[in-house]
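K.L.:
To start, I am sharing the structure in question, which I have written as structure tokens.
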Amino acid sequence: MNVNLASSLFFQKRIQVFCVLCQTRSFTDTGKVMNMSQPAVSKNILSLEDDLGITLVEREKRPLFLTIEGKLLFDLLMQQNQALNAWIRDLQLQVNKHIPLRFGAISSIAKYVNVKIAQGLSSVSNTMSLEGYSKDLVRAFEIGDIDFFISSEHYWDQNCYRRFVFREPSVLLVPLSFQKPEKITWESMRFCGLPRVANSIASTNGQFEQSYFASLDIQFVNRITVDGSQTFLEYIKSGLGWGLQTPLFVAMYPEFFKSIQILPMPEPVVCRDLYLLSRTEPSFMSQADKITDIIRKTLIDDVIPELLHVMPWIAP
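Here the sequence shown is numbered in the numbering used here, starting from 66 and rising by one per residue.
Set out below in structure tokens:
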């Protein structure tokens with residue numbers, strides 16, 4: 066039986082143009098991405114609509130809107146594309162081909178493990194590593210840009226394979242000039258004379274802080290919100306405030322160890338759990354197990370001993 070891929074809707078360039086248009090919502094921007102003129106983009110979409118017998122975009126609105134049929138088609142194409150990519154990677158693994166490792170991690174752990182993972186998986190010939198906020202990694206996973214990622218959230222509603230990696234308690238960071246009371250409580254921190262340095266709500270730590278203090282019904286009148294790791298520590302080093310962070314975050318900047326105080330977090334102490342998440346195909350689950358082992362070994366051998374020098378109380 067002869068198979069004519071050119072006649073298959075899935076393999077037509079018009080579908081590529083349509084998918085880019087769905088993301089840019091602009092004929093002009095789609096033309097720039099596809100290296101086509103704006104009229105050529107419009108012609109491709111019109112031709113596709115004629116062949117399918119349905120209207121895909123509502124042209125009278127700006128920015129461009131998809132029709133219900135257009136949204137359904139785009140969702141179907143994205144699902145099929147992810148399934149096809151996963152199947153091809155699985156097939157490559159079965160025949161011992163080298164496949165790319167597409168991996169992401171939140172910034173506080175990426176520094177320690179990304180290179181180790183690439184080195185530890187000798188079968189990987191091409192590696193793409195991302196780092197950033199959990200929500201950005203989840204999005205990259207959903208659209209098929211990465212196949213594995215480390216996150217500080219479980220994402221139980223996601224269809225993925227999960228391996229527990231590490232648990233760490235939050236710690237309190239204060240300036241060297243801070244006069245530590247006999248017992249540190251949230252009440253004492255509210256009236257210590259310094260504002261709280263808060264993480265941006267765009268970060269997982271920022272979201273955690275917001276929900277944590279809301280659950281305790283604690284409000285801080287004076288607050289400095291920071292979206293930047295080193296800037297966060299600079300504020301505390303300069304004596305402008307205090308804040309909460311995780312040990313892995315602090316360990317990224319050993320130059321601050323002697324210029325700030327790192328103290329146990331007031332009760333109730335909460336811990337951050339890190340998980341490795343991957344796709345559920347057997348080949349990815351097998352790789353995820355290997356990656357988890359590499360991460361744990363790296364943390365145990367290289368990271369935790371350094372943390373215990375400055376935060377010995379986190380050992381349990």
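Beta carbons: idealized from backbone N, C-alpha and C, even for Gly.
Please report the distance separating the alpha-carbon of V85 from that of L129.
P.N.:
12 Å
K.L.:
Given a threshold of 16 other Cβ atoms within 10 Å of its Cβ, counted over all protein chains shown, does N224 qualify as buried or as exposed?
P.N.:
Exposed, by the Cβ-count rule.
K.L.:
If we ignore side chains and look at the alpha-carbon of each, how far apart do I171 and I369 end up?
P.N.:
18 Å
K.L.:
Can you tell me which of the three DSSP states L70 falls into?
P.N.:
Confidence in L70 is poor, its pLDDT being 43 and thus under 50, which makes the residue's placement unreliable; the coordinate value appears in the next sentence. L70 falls in the helix class under three-state DSSP.
K.L.:
Please list, in chain order, all residues of the same chain as R232 whose beta carbon is under 6 Å from its beta carbon, the five residues on each side excluded.
P.N.:
Result list for R232: C336 and D338, in chain order.
K.L.:
At 4 residues or longer, and completely inside the stretch 239-284: list those alpha helix (DSSP H) runs for me, N to C.
P.N.:
Complete alpha helix (DSSP H) runs here, min 4: 251-255 and 269-280.
K.L.:
Which value, in whole angstroms, describes the spacing of the CA atoms of K162 and R228?
P.N.:
The pLDDT assigned to K162 is 49, lower than 50, so where the model puts this residue is not dependable, and the model offers no usable value.
K.L.:
Please report the straight-line C-alpha distance between H374 and R204, rounded to a whole angstrom.
P.N.:
36 Å
K.L.:
According to DSSP, simplified to helix, strand and coil, what is N161?
P.N.:
Unreliable positioning characterises N161 in this predicted model, as indicated by a pLDDT of 46, which lies under 50. The coordinate reading is nonetheless provided below. Coil.
K.L.:
Can you tell me whether A19 is buried or exposed? The criterion is at least 16 other CB atoms within 10 Å of its CB, across all chains shown.
P.N.:
Since the displayed the chain opens at 66 and closes at 381, residue 19 lies outside it and no answer follows.
K.L.:
Under 7 Å Cβ to Cβ from M376, same chain only, skipping five residues before and after it: list those, please.
P.N.:
V236, P312 and I327, listed in sequence order.
K.L.:
How far does the alpha helix (DSSP H) with F83 in it reach, from first residue to last?
P.N.:
Per DSSP, F83 belongs to the alpha helix (DSSP H) from K78 to T89.
K.L.:
Quick one: what's got a C-beta closer than 8 Å to Y277's C-beta in the same chain, skipping five residues either side?
P.N.:
Once the five neighbours on either side are set aside, the close Cβ partners of Y277 are V335.
K.L.:
Counting Cβ pairs, one atom from each stretch, are 3 or more of them under 8 Å apart for the stretch 249-267 and the stretch 351-359?
P.N.:
Put simply, the stretch 249-267 does not touch the stretch 351-359. Fewer than three CB pairs are less than 8 Å apart.
K.L.:
Report all residues from its chain with a CB closer than 7 Å to the CB of N100; omit the five preceding and five following residues, and keep chain order.
P.N.:
none
K.L.:
Within 10 angstroms of the Cβ of N109, are there 16 or more other Cβ atoms? Answer buried if so, exposed if not.
P.N.:
By the neighbour-count criterion, in which a residue is buried when 16 or more other Cβ atoms sit within 10 angstroms of its Cβ, N109 is buried.
K.L.:
Does L341 come out as helix, strand or coil in the three-state DSSP assignment?
P.N.:
strand
K.L.:
Between the stretch 77-91 and the stretch 110-128, do at least 3 Cβ pairs fall closer than 8 Å?
P.N.:
Pairwise C-beta distances place the stretch 77-91 in contact with the stretch 110-128, as three or more of them are shorter than 8 Å.
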